[in-house]
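Listed in order, the protein sequences are those of chains V and A. Here the first sequence stands for residues 1 to 253, where the numbers follow the working numbering. Here the second sequence stands for residues 1001 to 1264, where the numbers follow the working numbering. Built from N, CA and C at the ideal position, the CB exists for glycine as well. A quick note: this is a predicted structure, and the numbers were derived from the prediction, not measured.
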Amino acid sequence: MKCEEVKINLPEYIDGKLDMNTNVLIRKHIDNCESCREIYTELNAFLKFTGSFKEIEPPSGMKDEFLQLAELEESTSKTRTLIIPAWIKVAAMIIFVFGTFAAGYFTGSEKGENEFVMAEMENLKQQVLLAGLRDYSGPQKIEAVYSLTATGQSNDELVNALVYTLNSDKNVNVRLAALNVLSGMINTNTQVRNELINSLTVQENPLLQISLIQVLTESGVKEARDKIENLSNNEKTDQNVKEFARDMVKTII
Amino acid sequence: MKKVTIVIAIFIIPLISLSQVKKYEYTPKVKNRIEIKNLLGEISLKNSGGNTIVVESDFNIDKPERAEGLQLMGAAEDNTELGINITEENGVVRILGATKKVKDYKYSISVPKGIVVNLDYHSPFTSDELEIESYEGSLEIKTLSANVKLTNCTGPFTVNSVSGNVEAIFSSVDQDEPTSLASVSGLIDVSVPSSLKATIQLSNITGDIYNNLDLVNASKEKDDSRSKGLDEIKHSGGGEYALNGGGQKLLLKSVSGNIYLRKK
């Protein structure tokens, strides 16, 4: 069996969902291949870990979806397709993207456990990617952004995760959601304020540029003035953004 | 009699093949996500009950004789005979338009349940309209100037456009995940069932908002004692409104376009 094939089937192998022959082939491969063995050990530990979360109640409808998919899986035995239950993906995503804050929140913050979690998280990121758990949809990420901040707490890890999302998520709507949430913190958190000013130089999408300019000028962030002016003077900037920037700069005294 | 029927048959068969719809089936190893990019022609999506992605198209380019045994190559290699390239890597199925010529053809894609579809319609060379009808499932759509019309769909969607209009007529609204529609200068027009429970966030800078739903202002209260007993007429930065007590989020944003909210 090839490594690629083994890696794709690891989650099912761990769940005991594969047939005898494949189990044997995978077991044999893992015994002889160090890199796959490492991934198997880590993924096994990780999936056991996520399985222990009782606080994450799968959103209603998702559990049904999982059961339906499980039935579908059994009825189409010829083509074995890997279906990872949607709510496990969301839970894993929350941990992956938002790191230790979320993990700490969900497991109850006992210090010792948190430190273990931090180290393991870094290690497991790669393996989680390989297991195909990385592709969360835009709507799922927006849901995560809002539900994590619904706790009302804002600490460094959360802010970092939101800023990271704001600056690098491929989905513009997800970035807008992150900005929306961050803008609520601009007056109470200096880090957020600085990161939002900085984000002006990073964003290339007109929707984000305009939203950022609006948030910064309405919150009276004078330090952003230069960057906003630069945007309005830059040839490459979208016309809508330029006009908006020019108008808003006038409101910054 | 026989001769006549044979002669007629010979004429009819070529006529049919001229407008023939070709099909390509692909079974993904992992049912996770499809990314469609550079497919400039008309695209429609359908829900499929099975495990296979099926693409149907009237794509037809006269291959010169010299090209016998060779594959069409443009931005990507045509490995389906439909002018598109289909590959799968790390749980993502990529459907790429192989050549700009796909713009003149129609593509209908059947998507198995549980797969998220990401449609990058961001090229300046796309058709003017992207219309998706009666589709249930998660969609991520990006356009430049093409208008997006989603009819009788459930969501969840993320749609963003620079100058395209975004219209969505929901048959029902997915309650598990939010929908976000945003455009810079295009308008946003959304119709929802009046019994829907939702939390609608509206954000608009120079455009206007028109509405006939029973919305209740749910914006976070500011600490302003002077405002006690007074109704808020304008809320800076847009507002948040509850429909029927609130529910899953519907995030609507246009910078200079108008936003329209309707009872279905």
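As assigned by DSSP and simplified to three states, the class of residue i
i: A:I1209; result: strand
i: V:G138; result: helix
i: A:P1028; result: coil
i: A:Q1248; result: strand
i: A:T1143; result: strand
i: V:K170; result: coil
i: A:D1078; result: coil
i: A:V1156; result: Per the sequence shown, residue 1156 of chain A should be read as Pro rather than Val. Strand.
i: A:D1062; result: coil
i: V:S147; result: helix
i: V:I252; result: coil
i: A:Y1135; result: coil
i: A:L1181; result: strand
i: A:S1048; result: strand
i: V:K242; result: helix
i: V:E195; result: helix
i: V:N23; result: helix
i: V:T237; result: coil
i: A:I1169; result: strand
i: V:T165; result: helix
i: A:T1151; result: strand
i: V:S219; result: coil
i: V:K17; result: coil
i: A:S1163; result: coil
i: A:K1228; result: coil
i: V:I186; result: coil
i: A:E1056; result: strand
Integer-rounded CB distance, given that residue j should sit under 8 Å from residue i
i: A:L1250; j: A:T1179; result: 5 Å
i: A:S1057; j: A:V1021; result: 7 Å
i: V:S199; j: V:N167; result: 6 Å
i: A:V1117; j: A:L1096; result: Actually they are not in contact, since the Cβ atoms of A:V1117 and A:L1096 sit about 14 Å apart, beyond 8 Å.
i: V:S259; j: V:L179; result: Any answer about residue 259 of chain V is impossible in this case: the structure gives chain V only from 1 up to 253.
i: A:N1047; j: A:E1136; result: 6 Å
i: A:K1142; j: A:D1120; result: 5 Å
i: A:N1147; j: A:E1133; result: 14 Å between Cβ atoms; not a contact.
i: A:G1186; j: A:S1123; result: About 17 Å separates the two Cβ atoms, so there is no contact after all.
i: V:I142; j: V:A177; result: 4 Å
i: A:V1102; j: A:G1041; result: 5 Å
i: A:L1243; j: A:L1202; result: Their Cβ separation, rounded to whole angstroms, is 12 Å, which puts A:L1243 and A:L1202 out of contact at 8 Å.
Test: residue i CB closer than 7 Å to a CB of chain A
i: V:G16; result: no
i: V:E243; result: no
i: V:S137; result: yes
i: V:E143; result: yes
i: V:R206; result: Residue 206 of chain V is actually Pro in this sequence, not Arg. By this cut-off, V:P206 is an interface position.
i: V:A150; result: no
i: V:V172; result: yes
i: V:N240; result: yes
i: V:R209; result: Strictly speaking, residue 209 of chain V in this sequence is Gln, with Arg absent from that position. For V:Q209, the answer is no, since every Cβ of chain A falls outside 7 Å of its Cβ.
i: V:Q191; result: no
i: V:Q140; result: yes
Contact with chain V by residue i, beta-carbon distance below 7 Å
i: A:T1154; result: no
i: A:V1173; result: no
i: A:S1185; result: yes
i: A:V1255; result: yes
i: A:S1195; result: no
i: A:P1124; result: no
i: A:N1204; result: no
i: A:T1158; result: yes
i: A:E1140; result: yes
i: A:S1180; result: yes
i: A:E1177; result: yes
i: A:V1054; result: no
i: A:V1162; result: yes
i: A:V1166; result: no
i: A:V1116; result: yes
i: A:G1245; result: no
Bridge partners - residue i, DSSP secondary structure assignment
i: A:E1035; result: A:R1094, A:N1118
i: A:N1085; result: A:L1096
i: A:A1242; result: A:T1199, A:V1216
i: A:E1042; result: A:K1106
i: V:M1; result: Beta-bridge pairing links V:M1 to no other residue.
i: V:S211; result: In the DSSP output, where bridge partners are listed per residue, V:S211 has none listed.
i: A:Y1260; result: A:D1189, A:Y1210
i: A:N1204; result: A:S1254
i: A:K1022; result: A:S1057
* **Within the region 1087 to 1133 of chain A, ranges of the beta strand (DSSP E) (whole runs, at least 3 residues)** => Fully contained in the region 1087 to 1133 of chain A are the following beta strand (DSSP E) runs of length 3 or more, in chain order: 1092 to 1097, 1106 to 1112, 1116 to 1121, 1129 to 1133.
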